[in-house]
Structures are given as C-alpha cells and as structure tokens.
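> I am attaching a structure below and will ask some questions about it afterwards.
2 protein chains.
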Amino acid sequence: MTHRSRLGTLAIDCKGDDLAEAMRFWSAALGSPVRLDPDDPRYAAIDRPPDEPKLLLQTVEHSSRVHIDLETDDQEAERARIEERSARLVERHPKGWIIMEAPTGHRFCLVAPHRADFPGDAREHP
Amino acid sequence: MTHRSRLGTLAIDCKGDDLAEAMRFWSAALGSPVRLDPDDPRYAAIDRPPDEPKLLLQTVEHSSRVHIDLETDDQEAERARIEERSARLVERHPKGWIIMEAPTGHRFCLVAPHRADFPGDAREHP
Numbered sequence: 016m017t018h019r020s021r022l023g024t025l026a027i028d029c030k031g032d033d034l035a036e037a038m039r040f041w042s043a044a045l046g047s048p049v050r051l052d053p054d055d056p057r058y059a060a061i062d063r064p065p066d067e068p069k070l071l072l073q074t075v076e077h078s079s080r081v082h083i084d085l086e087t088d089d090q091e092a093e094r095a096r097i098e099e100r101s102a103r104l105v106e107r108h109p110k111g112w113i114i115m116e117a118p119t120g121h122r123f124c125l126v127a128p129h130r131a132d133f134p135g136d137a138r139e140h141p
Numbered sequence: 016m017t018h019r020s021r022l023g024t025l026a027i028d029c030k031g032d033d034l035a036e037a038m039r040f041w042s043a044a045l046g047s048p049v050r051l052d053p054d055d056p057r058y059a060a061i062d063r064p065p066d067e068p069k070l071l072l073q074t075v076e077h078s079s080r081v082h083i084d085l086e087t088d089d090q091e092a093e094r095a096r097i098e099e100r101s102a103r104l105v106e107r108h109p110k111g112w113i114i115m116e117a118p119t120g121h122r123f124c125l126v127a128p129h130r131a132d133f134p135g136d137a138r139e140h141p
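For the protein sequence lines, the chains are A and B, in the order given.
All you need for my numbering is the position in the first sequence, starting with 1, plus 15.
All you need for my numbering is the position in the second sequence, starting with 1, plus 15.
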C-alpha cells in the first residue's frame with residue numbers, strides 16, 4: 016500500500032477567542048479577502064490561488080505562531096513514516112488531525128486531504 | 016506612487032547553527048529536495064513549484080518557529096502601509112529585510128522581490 020502527502024495548509028495561529036482583529040490585519044497585509052468559517056468561527060480562510068497551499072487563521076490557547084499542515088490520504092501511514100524520521104506524536108486532536116513535533120521543534124499537523132486538487136503534486140510513499 | 020506586495024516566502028526558522036538535521040527531516044517530510052545556499056550555509060531552499068511562495072530553512076538564535084515574508088518592490092512604503100494597520104517595526108536587519116510584528120503577535124519580514132515571477136499576482140497599493 017502506498018499513500019500520498021504534501022504541504023496542505025499554512026495556519027496562522029492566533030491566541031485568543033476572537034479572530035476579528037487577526038482577520039482585519041492579515042486581510043490587509045496580504046491584500047486578500049478573509050472568510051470566517053460559517054460552521055466554526057474559530058477558523059477563517061484567507062483567499063489564495065486555488066492550486067497553492069491553503070492559508071488559515073485559527074484561534075488557539077497557546078502563544079500565537081504559524082504552523083504547517085501536511086495533507087495525506089492515510090494519516091496513520093503518514094504518522095508512521097514521519098516518526099521514522101524522528102518526529103514524535105504529540106496528540107490526536109478530537110477534530111481528526113494528528114499533531115506532531117519535528118526534531119527541529121516545530122509542531123505541525125497531519126490532516127485529511129482538503130485542497131480541492133488533491134493528490135495533485137503530492138508525493139507517493141511506498 | 017503605487018507599490019506592490021504579496022506573500023513571498025514561508026521560512027522554517029531552526030534554532031542552532033547547523034541545518035543538517037533540519038534539511039534531512041524537512042526534505043523527507045515534504046518529499047522535496049533541499050539545497051543549502053552555496054553562499055551562506057545558514058539558509059537552505061526547499062523545492063516548491065516555481066509559481067508558489069518559496070519555502071526556506073534558516074538557522075536562528077531564537078526558538079524555532081515559522082514565519083512569513085512579504086515581498087515588495089518598496090519596503091519603506093510597505094512598512095508604512097503595514098504600520099497603519101497596527102503592526103510595529105521590530106528591526107531593520109543588516110541583510111536588508113525589515114522585521115515587523117503583527118498585532119496578532121506574529122513576527123514577519125518585508126523583503127525585496129525574490130520570487131522569479133514578481134510582481135505576478137501581487138497586490139497594488141496606491
């Protein structure tokens with residue numbers, strides 16, 4: 016069985032419980048419309064070209080930072096592949112993503128495919 | 016006078032003075048070749064599609080994090096525009112970029128154009 020993965024999203028994590036200021040600032044800075052998720056106001060999508068990684072704002076409880084999501088059609092196979100490269104599992108989030116920590120100290124997530132053109136240029140892993 | 020800006024680079028800042036481990040891990044995680052900058056081994060470029068934002072690894076003295084660069088054909092006009100949106104100037108780096116802090120707490124840089132297709136889809140600011 017092979018599975019596939021690629022850079023899916025760049026998430027701008029914003030500490031706090033309200034994205035209004037973050038939406039105003041990042042929309043202006045990037046010159047792009049930002050749309051609050053109608054189903055969950057903890058998330059907002061920043062318009063990007065449809066064939067590029069997505070760009071998200073999200074509220075978080077930890078300090079503000081930026082993190083990467085890898086999108087994959089097999090999260091458990093991807094977790095195992097990444098663990099072999101010395102990343103560690105941090106947490107399985109109830110919303111379905113797997114939070115990992117790279118050997119460089121960066122937190123990142125393994126998520127189900129969410130870019131519309133997946134697999135597109137995703138890499139195949141035997 | 017108008018100027019233009021857009022998302023230029025996603026930089027994976029790695030604490031320490033050696034990118035070897037970061038290059039191994041992120042190359043494997045993203046399934047992409049990584050090339051050390053022949054002129055400055057504090058930087059390495061991760062292969063991405065040429066019409067997308069660049070992806071860089073760089074050594075830093077602060078904690079590991081991820082940051083965004085905005086590329087612009089007028090860094091001072093862009094600084095003034097961004098300051099009006101409540102970001103603050105942190106430092107003018109000797110290598111030529113301007114380090115800013117967003118009202119959301121994120122550090123980001125204003126850099127000269129470095130994607131080959133600039134201005135491409137950059138936004139124009141009157």
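Note that CB positions come from ideal geometry on N, CA and C, so glycine has one too.
1) For Pro-77 (chain A), I'd like the list of residues in its chain whose CB is within less than 8 Å of its CB, leaving aside the five on either flank, ordered along the chain.
2) Can you round the beta-carbon distance between Gln-90 (chain B) and Ile-113 (chain B) to whole angstroms, since I take them to be within the 8 Å contact cut?
3) Take every Cβ of the region 118–136 of chain B, pair it with every Cβ of the region 82–96 of chain B, and state whether three or more of those distances are shorter than 8 Å.
4) Where does Ser-20 (chain B) sit, in a helix, a strand or coil, going by DSSP?
5) Can you give me the Cβ contacts of Ala-35 (chain B) inside the same chain, cut-off strictly under 7 Å, excluding the 5 residues immediately before and after it?
6) How is Leu-71 (chain B) classed by DSSP in three states: helix, strand or coil?
7) Report the neighbours of His-82 (chain A) on chain B: residues whose CB is nearer than 7 Å to its CB, in chain order.
8) Counting C-beta neighbours from all protein chains within 10 Å, is the total for Arg-21 (chain A) 16 or more, i.e. buried, or is it exposed?
9) Does DSSP put Leu-144 (chain A) in a helix, a strand or coil?
10) Pick out whichever of B:Lys-110, B:Glu-93, B:His-108 has its Cα sitting closest to the Cα of Ala-102 (chain B).
11) Output the boundary residues of the beta strand (DSSP E) element that contains Gly-116 (chain B).
The structure says:
1) The question names Pro, yet the displayed sequence has His at residue 77 (chain A). For His-77 (chain A), where only same-chain residues beyond five positions count, the Cβ hits under 8 Å are Asp-28, Lys-30.
2) By a beta-carbon distance limit of 8 Å, Gln-90 (chain B) contacts Ile-113 (chain B). Their separation comes to about 6 Å.
3) Counting Cβ pairs under 8 Å, three or more are found: they touch.
4) In the three-state scheme derived from DSSP, where H, G and I count as helix and E and B as strand, Ser-20 (chain B) is classed as strand.
5) Residues of the same chain with their beta carbon placed closer than 7 Å to that of Ala-35 (chain B) are lacking, with the five preceding and five following residues left out of the count.
6) If DSSP states are grouped into helix, strand and coil, Leu-71 (chain B) belongs with the strands.
7) Those are Val-81, listed as they occur along chain B.
8) Arg-21 (chain A) comes out buried.
9) Lying before the first or after the last residue shown, residue 144 (chain A) is absent from chain A, which here runs from 16 to 141.
10) Cα-wise, what sits closest to Ala-102 (chain B) is B:Glu-93.
11) According to the sequence shown, residue 116 (chain B) is Glu rather than Gly. 113–116 is the span of the beta strand (DSSP E), which, as asked, contains Glu-116 (chain B).
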